[in-house]
């Protein structure tokens, strides 16, 4: 990566603008010139579309570069499918395919594509097992290994899986099924990996599963399910298989505490043993199916997103005192959401003052977190499914 793109230290956004990038779906304007290179940005937003096209987005100029990562262009859902190497010199992109194929022979094999962040040129492609569907990818902060969570078809259900990949060597370190399916769909939704990469909290959002389980990861990358505390109700599974944390959606760790959405207008604070410490209310997000949040570690705040499929809105939680504040109002009534509704299905920090959010309406939207107003819209031509922001 050139110094002109990422050198020079952090750049502050304009006062009062916390750009929240909302991924939405709409029409993109034109193709980029051959082999372009990104200009010096405040931050770079990378967006993966349902068409397996990767976009580099600039807040001022819109879509700067686009490259296709795989041939599949069909049904896909919001996923965590883009990470970066610790030195920010390589992007890792998990290609998308149909999640629940009716015929195994028609499955398109997924891969992890290693990409140059300045040009989006493909450097390497690591093929994954074609029998597994992978939906969540997390990069280890210690080794840079990629932990990819997915599902394997098993006895009328889908069992959760873990594939550990070394992107430097370009090899699969290990593959393991984390638990039996017992006829249920253990669809991974989000994962939080500890700094030492020895413990992961994995949440589920299948048609008949919810909650979160904690796994210990050995030195070889293999997982062993841990029983969570009996103080919380368990996941939906076979009797006698242990307990799991009763959350619903996103998970994130901060200062030894796990914060998790619940599907409703509150966030749970949980200790490392699974004990519930606090329920943090979000009264401004009533009428929502809340599953996504964005952690600002330095400020000790959580930005919690209202779903675009429900009432929307945006709230911020102060983790020190547990108080919440409305940033953008939710939709009232039963009418169709207007274009100015702030909402999202995925989110990430853009800079000290910026956030990104995935909004299923064909555009990347920047939102002022002080006023709650949309600051900038960047249109794309297909529905976005994942994003990554590299703040500078």
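Numbering (the numbering used here), first residue to last: 11 to 402.
Even for Gly, the Cβ is constructed at its ideal location relative to N, Cα and C.
The model shown is predicted, which means the values in this text are computed figures rather than measured ones.
Next item on the list: Determine the DSSP secondary structure at residue 130, reduced to helix, strand or coil.
Entry: Position 120 of the chain shown holds residue 130. Per DSSP, reduced to three states, the secondary structure at residue 130 is coil, with no helix or strand assignment.
Notebook entry, point to check: residue 5: which of 196, 232 and 202 sits nearest, CA to CA?
Noted result: It is not possible to answer for residue 5, since the shown part of the chain is limited to 11 through 402.
Note to self: Is the beta carbon of residue 155 closer than 8 Å to that of residue 207?
What the structure shows: As a working note, residue 207 is residue 197 in the chain shown. As a working note, residue 155 is residue 145 in the chain shown. Yes, the pair counts as a contact, with Cβ atoms nearer than the cut-off.
Check: Which full runs of the beta strand (DSSP E) of 3+ residues lie inside the segment 51 to 103, going along the chain?
Finding: Listed in chain order, the complete beta strand (DSSP E) runs (minimum 3 residues) inside the segment 51 to 103 are 53 to 59, 63 to 68, 72 to 78 and 92 to 94.
Checklist line | Range covered by the beta strand (DSSP E) that runs through residue 396 | finding: Numbered from its first residue, the chain shown carries residue 396 at position 386. Residue 396 -> beta strand (DSSP E) spans 394 to 401.
Notebook entry, point to check: Rounded to a whole number of angstroms, what is the C-alpha to C-alpha distance between residue 308 and residue 301?
Noted result: On the chain shown, residue 308 is found 298 positions in, with the first residue counted as 1. On the chain shown, residue 301 is found 291 positions in, with the first residue counted as 1. Distance between the alpha carbons of residue 308 and residue 301: 22 Å.
Margin query: In the DSSP output, what is residue 167 paired with across the bridge?
Written below: Counting from 1 along the chain shown, the entry for residue 167 is found at position 157. Residue 167 is bridged to 164.
Margin query: Residues in the same chain with beta-carbon distance under 8 Å from residue 298, minus the five sequence neighbours each way, listed in chain order, please.
Written below: For the purposes of this step, residue 298 is identified with residue 288 of the chain shown, where counting begins at 1. Here the set comprises 274, 275, 316, 317, 320, 321, 322, 323 and 340.
Note to self: In the DSSP output, what is residue 2 paired with across the bridge?
What the structure shows: Coverage of the chain is limited to positions 11 through 402, which leaves residue 2 absent and any answer about it impossible.
Check: Are the Cβ atoms of residue 148 and residue 89 separated by less than 8 Å?
Finding: Start at 1 with the first residue of the chain shown, and residue 148 comes out as number 138. Start at 1 with the first residue of the chain shown, and residue 89 comes out as number 79. It is not a contact, given that the beta carbons lie outside the stated cut-off.
Check: DSSP on residue 293, reduced to helix/strand/coil?
Finding: Numbered from its first residue, the chain shown carries residue 293 at position 283. Helix, per DSSP.
Checklist line | Euclidean distance between Cα positions of residue 172 and residue 214 | finding: Within the chain shown, residue 172 is the residue found at index 162, counting from 1. Within the chain shown, residue 214 is the residue found at index 204, counting from 1. When only Cα atoms are considered, residue 172 and residue 214 end up about 13 Å apart.
Margin query: Are the CB atoms of residue 303 and residue 334 within a distance shorter than 8 Å?
Written below: One-based indexing of the chain shown puts residue 334 at position 324. One-based indexing of the chain shown puts residue 303 at position 293. No. Outside cutoff.
Checklist line | Exposure of residue 219, with buried meaning 16 or more beta-carbon neighbours within 10 Å | finding: Position 209 of the chain shown, counted from the first residue, corresponds to residue 219. Residue 219 sits buried, since 16 or more C-beta atoms from the chains shown fall within 10 Å of its C-beta.
Check: For residue 191, does the count of other Cβ atoms within 10 angstroms reach 16, so buried, or fall short, so exposed?
Finding: Walking along the chain shown from the start, residue 191 turns up at place 181. Looking at its Cβ environment, which holds 16 or more other Cβ atoms inside 10 Å, residue 191 is buried.
Item checked: Burial state of residue 260, where buried means 16 or more other Cβ atoms lie within 10 Å -> By one-based count along the chain shown, residue 260 stands at place 250. With 16 or more other Cβ atoms within 10 Å, it is buried.
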